[in-house]
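Position in the sequence shown counted from 1, then plus 114, gives you this note's numbering. See below for the structure under consideration.
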Amino acid sequence: TETLLNAGAGDVVYCDPPYEPLEDTAGFTSYTTERFTLAHQTELVMHLVAAHERGAKIVVTNSGAKSIVELYGDHGFSMHPHRARRSISAKGAGRGYASDIIATL
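The following block contains the structure:
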């Protein structure tokens, strides 16, 4: 949070938060014991918008989950769909492509 509060003109902010799970997938949502919820995603977006209003350029990657697309779209982000290969799965057959987004302000 402190870094985002200090971001402004001349800065580029790149965020790669835990992705919101796509429908019918477990998804990785936490680097700690606390799940990174949609409320956390929303709080992050608010900080990113504020940094952008101070002049920072913003780049965020996340899943293409409907809730994420709507959240970023509703706050003025340009959305760039991206298919990403997932190489982590207990079963080799479960490895494939996922719909991600790159959102920019």
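We put the CB at the ideal spot given by N, CA and C, even for glycine. Just so we're clear, the structure is a prediction, and the values are computed from it rather than from any experiment.
Let's see if you can read the secondary structure: which residues bound the alpha helix (DSSP H) around ALA165?
152 to 167
Checking 9 Å against the spacing of the C-beta atoms, do PRO131 and VAL174 come in under that value?
yes
Please look up how many angstroms separate the CB atoms of VAL127 and ILE172, rounded, as I've assumed it's under 8 Å.
5 Å
So ALA217 and TYR186 are in contact, right, with Cβ under 8 Å, and what is the actual spacing, rounded?
4 Å
Confirm, please, whether the CB-CB distance from LEU136 to ALA212 is below 9 Å.
yes
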